[in-house]
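Residue numbers (our numbering), protein chains in the order written: chain A, -14 to 94; chain B, 163 to 278. Quick reminder that beta carbons are idealized off the backbone N, C-alpha and C, glycines included. Note that the coordinates shown come from a computational prediction; the quantities given were computed from them, not determined experimentally.
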């Protein structure tokens, strides 16, 4: 079967670091995406991992362990505008992404 | 470059009716995917088209169908609407036939369908 697990909600303070974990089980795996979705808006692409290890992109980094079915998104120097839902999405082949329910992050001053 | 355009933005239909949603991908993108987003289920994959061929289909009943035209524009149709079909329907386009860092899915703002 296919299963994606992420925490439902997280809170953090402006300027802090937060790590959003994702564990997955999929029948096929071509890589893993992270998307950000602000309320009422379309999801936007943040990062993609296909090999094990850490990918850094400005304030955002993403890690993947294929053998453990585990990924995390690391957000540094949090800003108020980072308050959004973060979606973990393994790719199951072609352009089929399997999304988790998402983690709603609230950043407080 | 224009983004993914979905029309209409909002729709209200009654049970038993049918509905057609439209998606225009980013220019040059040949892959179009459709997702249903509900508060309880998150984003669920409906189907994906590449060069007018459906390559993948999610676990939705046959009432949900789609097609892609030669200009890559896509439509999805839902027949015999049920209350549970109320959701945000998102379309996404991609440059390549498989996803990657240089060809992620780009989402439109969605069509919010309410079935009464």
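- [ ] Could you list which residues in chain A have their beta carbon closer than 9 Å to that of residue 210 of chain B, in chain order?
- [x] Residues of chain A passing the Cβ test: 79, 80 and 81.
Task: Proximal residues of chain B, C-beta to C-beta of residue 28 of chain A below 7 Å - done: At a C-beta separation below 7 Å, residue 28 of chain A has these neighbours in chain B: 269.
Task: First and last residue of the uninterrupted beta strand (DSSP E) at residue 175 of chain B - done: That run of the beta strand (DSSP E) goes 172 to 175.
TODO: Tell me whether the beta-carbon of residue 88 of chain A lies closer than 9 Å to the beta-carbon of residue -8 of chain A.
DONE: Result yes, Cβ atoms of residue 88 of chain A and residue -8 of chain A sit closer than 9 Å.
TODO: Take residue 12 of chain A and list the residues in its own chain whose beta-carbon comes closer than 7 Å to its own, dropping the five residues that flank it on each side.
DONE: Only -13 and 77 meet the Cβ criterion.
TODO: Would you list the one or two residues that DSSP bridges to residue 21 of chain A?
DONE: Beta-bridge partners of residue 21 of chain A (DSSP): A:29 and A:71.
- [ ] Taking only beta-carbon positions, decide if residue 206 of chain B is within less than 9 Å of chain A.
- [x] Residue contact check for residue 206 of chain B against chain A: a CB pair falls below 9 Å.
Open item on the list: Can you pull the chain A neighbours of residue 263 of chain B, defined as C-beta to C-beta under 7 Å?
Closed with: Within chain A, the residues near residue 263 of chain B are 33.
Open item on the list: My parser needs the beta strand (DSSP E) runs of 3 or more residues fully inside the stretch 186 to 252 of chain B; what are they?
Closed with: Runs of the beta strand (DSSP E) lying entirely within the stretch 186 to 252 of chain B, each at least 3 residues long, are 193 to 200, 204 to 212, 215 to 219, 226 to 230 and 236 to 240 in chain order.
TODO: Measure the alpha-carbon distance for residue 229 of chain B versus residue 177 of chain B and round it to whole angstroms.
DONE: So the alpha carbons of these two residues sit roughly 23 Å apart.
TODO: Let me know if residue 67 of chain A comes out buried or exposed under the rule of 16 or more other beta-carbons within 10 Å of its beta-carbon.
DONE: The residue is buried, with at least 16 neighbouring Cβ atoms inside 10 Å.
TODO: Determine the direct distance from the alpha carbon of residue 233 of chain B to that of residue 44 of chain A, and round the result to whole angstroms.
DONE: It is roughly 38 Å from the alpha-carbon of residue 44 of chain A to the alpha-carbon of residue 233 of chain B.
- [ ] Spell out whether any CB of chain B is found under 9 Å from the CB atom of residue 99 of chain A.
- [x] The question about residue 99 of chain A has no answer here: the residues shown for chain A are numbered -14 through 94.
TODO: Reducing DSSP to helix, strand and coil, say where residue 66 of chain A ends up.
DONE: Looking at residue 66 of chain A - three-state DSSP - the assignment turns out to be helix.
Task: Residues that DSSP places opposite residue -3 of chain A in a beta bridge - done: BP columns for residue -3 of chain A point to A:92.
TODO: Pull out every residue of the stretch 217 to 235 of chain B whose Cβ sits closer than 7 Å to any Cβ of chain A, in chain order.
DONE: Within the stretch 217 to 235 of chain B, the residues whose Cβ lies closer than 7 Å to some Cβ of chain A are 217 and 218, listed in chain order.
TODO: Give a yes or no on whether 9 Å exceeds the smallest Cβ distance from residue 76 of chain A to chain B.
DONE: Residue 76 of chain A counts as touching chain B.
Task: the stretch 237 to 247 of chain B touching the stretch -5 to 13 of chain A, judged by at least three CB pairs closer than 8 Å - done: In short, these stretches do not touch, since the Cβ pair count stays below three.
Task: Three-state class that DSSP yields for residue 169 of chain B in the structure shown - done: Here residue 169 of chain B sits in strand by DSSP.
- [ ] Kindly list the residues whose CB is nearer than 7 Å to the CB of residue 248 of chain B, restricted to its own chain and excluding five residues on each side of it in sequence; keep chain order.
- [x] If we look at residue 248 of chain B and ignore the five residues flanking it on each side, its Cβ neighbours are 275, 276 and 277.
TODO: Leaving aside the five residues before and after residue 163 of chain B along the sequence, list all residues of the same chain whose C-beta is less than 7 Å from its C-beta, in chain order.
DONE: Hits under 7 Å: 188 and 189.
Task: Residues in the stretch 173 to 196 of chain B having any Cβ partner in chain A nearer than 9 Å - done: So the close ones are 193, 194 and 195.
Open item on the list: In this structure, how does DSSP classify residue -13 of chain A when only helix, strand and coil are distinguished?
Closed with: Three-state result, residue -13 of chain A: coil.
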